[in-house]
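J.: Residue 307 in the working numbering sits at position 281 of the first sequence; the count goes up by one each step and never skips.
We treat Cβ as the ideally placed atom computed from N, Cα and C, and that holds for glycine.
These numbers come from a predicted model, not from an experiment.
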Amino acid sequence: MKQSLLFTKTIKELPKDETSYNAQVLIRAGFIDKVSAGVYTFLPLGLKVLHKINNIIREEINAVSGQEILMPALNPKENWQKTGRWDDLDVLFKLIGSDDKEYALGATHEEIVTPLGQKFTLSYKDLPFAVYQIQTKFRNEKRAKAGLLRGREFVMKDLYSFHADEESLSKYYNKVKEAYEKIYNRLGLGDLTYFTYAAGGTFSKYSHEFQTVCENGEDIIYVCPKCHIAINKEIISEQNACFKCGNTVLEEKKAIEVGNIFELKTKYSKAFNFTFKDKDENNKEVLMGCYGMGPSRIMGTIVEICHDDKGMIWPKNVAPFSVHLISLKQNEEAEKIYQKLLNENIEVLYDDRDNVSPGEKFADADLIGCPIRLVVSSKTLDDKKIEFKLRTDDEIKLVDIDNLSNFLKNYK
RNA sequence: CGGGGCGUAGCCCAGUUGGCUAAGGCGUCUGGUUUGGGACCAGAAGAUCGUGGGUUCGAGUCCCGCCGCCCCGACCA
27 MKQSLLFTKT IKELPKDETS YNAQVLIRAG FIDKVSAGVY TFLPLGLKVL
77 HKINNIIREE INAVSGQEIL MPALNPKENW QKTGRWDDLD VLFKLIGSDD
127 KEYALGATHE EIVTPLGQKF TLSYKDLPFA VYQIQTKFRN EKRAKAGLLR
177 GREFVMKDLY SFHADEESLS KYYNKVKEAY EKIYNRLGLG DLTYFTYAAG
227 GTFSKYSHEF QTVCENGEDI IYVCPKCHIA INKEIISEQN ACFKCGNTVL
277 EEKKAIEVGN IFELKTKYSK AFNFTFKDKD ENNKEVLMGC YGMGPSRIMG
327 TIVEICHDDK GMIWPKNVAP FSVHLISLKQ NEEAEKIYQK LLNENIEVLY
377 DDRDNVSPGE KFADADLIGC PIRLVVSSKT LDDKKIEFKL RTDDEIKLVD
427 IDNLSNFLKN YK
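1. Quick check: what's the CA-CA separation for glutamine 365 versus lysine 168?
2. Less than 8 Å between the C-beta atoms of tyrosine 376 and alanine 391, yes or no?
3. Mind checking which residues open and close the alpha helix (DSSP H) that includes serine 194?
4. Does the stretch 115-132 come close enough to the stretch 82-89 to have 3 or more Cβ pairs within less than 8 Å?
5. Nearest-angstrom Cα distance between lysine 279 and phenylalanine 269?
6. Indicate whether the contact test is met: 3 or more Cβ pairs, each with one atom in the stretch 204-220 and one in the stretch 327-345, closer than 8 Å.
7. Using DSSP with H/G/I as helix, E/B as strand and the rest coil, what is proline 321?
8. Entirely within the stretch 209-288 and at least 3 residues each: give me those beta strand (DSSP E) ranges in chain order.
9. Would you call the stretch 141-161 and the stretch 179-194 touching, i.e. three or more CB-CB distances under 8 Å?
10. Quick check: threonine 327 and cysteine 240, are their CB atoms within less than 8 Å of each other?
11. Quick check on this structure: which residue in Glu204, Lys410, Leu354, Phe236 has the alpha carbon closest to the alpha carbon of serine 383?
12. Can you tell me which residues form a DSSP beta bridge with cysteine 316?
13. Return yes when the Cβ of isoleucine 394 is within less than 8 Å of the Cβ of histidine 350, no when it is not.
14. So, helix, strand or coil for lysine 355, using DSSP?
15. To the nearest angstrom, how far is the alpha carbon of lysine 108 from that of phenylalanine 298?
16. Would you check if there are 3 or more beta carbon pairs closer than 8 Å linking the stretch 137-147 to the stretch 89-105?
17. Buried or exposed: isoleucine 122, going by 16 or more other Cβ atoms within 10 Å of its Cβ?
18. Is the beta carbon of glutamine 29 sitting closer than 8 Å to the one on aspartate 380?
19. Along the beta strand (DSSP E) that carries alanine 156, what are the first and last residues, could you check?
20. Are glycine 143 and phenylalanine 300 closer than 8 Å when you measure CB to CB?
21. Once the 5 residues before and after methionine 27 are set aside, which same chain residues still bring their CB inside 6 Å of it?
22. Pull up the distance between the alpha-carbon of glutamate 277 and that of glutamate 39, whole angstroms please.
23. How about isoleucine 53 and glutamate 44: do their beta carbons lie closer than 8 Å?
24. Going by Cα to Cα distance, which pick from Thr67, Ala224, Leu153 is closest to aspartate 191?
25. Identify the continuous alpha helix (DSSP H) that holds threonine 406 and give its terminal residues.
26. Which residues does DSSP pair with glutamine 93 in a beta bridge?
27. Keeping to the same chain, check which residues put their C-beta closer than 8 Å to that of phenylalanine 146; ignore five residues upstream and five downstream.
28. How big is the Cα-Cα spacing for isoleucine 246 and glycine 173?
29. Using DSSP with H/G/I as helix, E/B as strand and the rest coil, what is phenylalanine 347?
30. Roughly how far, in whole angstroms, is the beta-carbon of phenylalanine 164 from the beta-carbon of glycine 320, given that I think they are within contact range, below 8 Å?
31. Assuming lysine 296 and leucine 313 are in contact, meaning their beta carbons sit under 8 Å apart, how far apart are those beta carbons, in whole angstroms?
32. Per the DSSP calculation, histidine 333 is bridged to which residue(s)?
33. How long is the line joining the alpha carbons of asparagine 309 and lysine 303, rounded to whole angstroms?
34. Do phenylalanine 236 and glycine 285 have their CB atoms nearer than 8 Å?
35. Given this structure, state the Cα-to-Cα distance separating arginine 176 from glycine 385, to the nearest angstrom.
36. Helix, strand or coil: how does DSSP classify threonine 301 here?
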């Protein structure tokens, strides 16, 4: 993409009324735009990142046989009455259609997915299966805060699994746990993200969260340094030792909840009277699991963690572009390099802007945070070289233009 | 939902006890110069001072209501 064509611009001043780092820098760099408290537009650069996160999640959930669907945001009242959550869930946005019919905006989708699964599950032979979506969720938080970390409208991947027996559910639950770990690794958050025991399993004693250690997180967890697992503060009084090794010397850390997994068991199948015929011709309630993960919150989390005083430093798998190509008054030569990289399917943001000073171009590159910066200038062009610099690094390397493609292969 | 803070041009803001034409910076536009870390000169445009009411000869400024945003807390299947 040519930067001259990008309709957004970077801004120098910190936005008023945003103190969280992720909101400040994402707005300054033109990744998101605030519409209202906890409600943001994803702009071209931000949407690219969001799509990359979504696709990593999608690949790993597909790999555990999740079947992607898309459920409606507009949910009929009846579905939510069946589970009692029309009245009980106070974050539910409610609205009225033209015929006075009432709806909720989906805050989660058990109320839709359970009757959906029911339609196609007549016998034990139809089980197990799992469906998921990546979709906008609405929660009327009393207080939205911290940019993308707690919005009223946000993107969520929600996976639901359906099983004939506990063994199948628990086997799948562990598979998803492993898939989640793969996802956080690919997102560059693996080291900081802890499998965490938390309160509120519907039937099982604990639920499980994935918590990414971060100073600006709103959760407190206790980490076992040996086992790379953690315990949420909310259960630390009843469980103060590592679940794995029994270690009681735990480190207190602030963290952001970047995923959670629940064994719902029969809570929702009961509400919808969702049963199937087992081998012995008995009607049994379906067992369910649900597995959430918030791509937009993850995007905010990555920004909170991966930055320096100049701007963002995107992990390569989620960077909006892998290369930021800067032309300093050498657009003819830079254009050739740009086209060549495009032909090799390298994602390039090409700063072809005229009358923009080198300083501003460098500052923008640092702010936007693509992993690799290439500079085409008269300084190196005579020797047929281009400057190469990693966002994470201060060292500038001179690379033969003819050898650029080969050179970049080392950084894929 | 309780407490605190804030609301002045596209963005960041000054405007102290009420007083004449609401100041500056960024950005934008025009012309010129400039090109290795957010350049420079000259000129220009851009403001129902969040909103409604009130007090006053006179309100950005004082009073009341409402709306919005941020922060702390509570809440967070």
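T.: So, from the listed chains and residues:
1. 49 Å
2. Result no, Cβ atoms of tyrosine 376 and alanine 391 do not sit closer than 8 Å.
3. Serine 194 -> alpha helix (DSSP H) spans 192-212.
4. no
5. 17 Å
6. Contact holds: three or more Cβ-Cβ distances are below 8 Å.
7. Helix at proline 321.
8. 219-224, 233-239, 245-250, 255-258
9. yes
10. Closer than 8 Å, so yes.
11. Leu354
12. Tyr186, Phe288
13. yes
14. Here lysine 355 sits in coil by DSSP.
15. 7 Å
16. These segments touch.
17. Isoleucine 122 comes out exposed.
18. no
19. Counting along the chain, the beta strand (DSSP E) containing alanine 156 begins and ends at 155-164.
20. yes
21. So the list reads Leu375, once near-sequence residues are dropped.
22. 37 Å
23. yes
24. Measuring from the Cα of aspartate 191, the nearest candidate turns out to be Leu153.
25. 404-407
26. Glutamine 93 is bridged to Val157.
27. Asp152
28. 19 Å
29. coil
30. The Cβ separation is near 13 Å, so there is no contact.
31. Actually they do not touch by this definition, with Cβ atoms about 11 Å apart.
32. Met338
33. 5 Å
34. yes
35. 35 Å
36. strand
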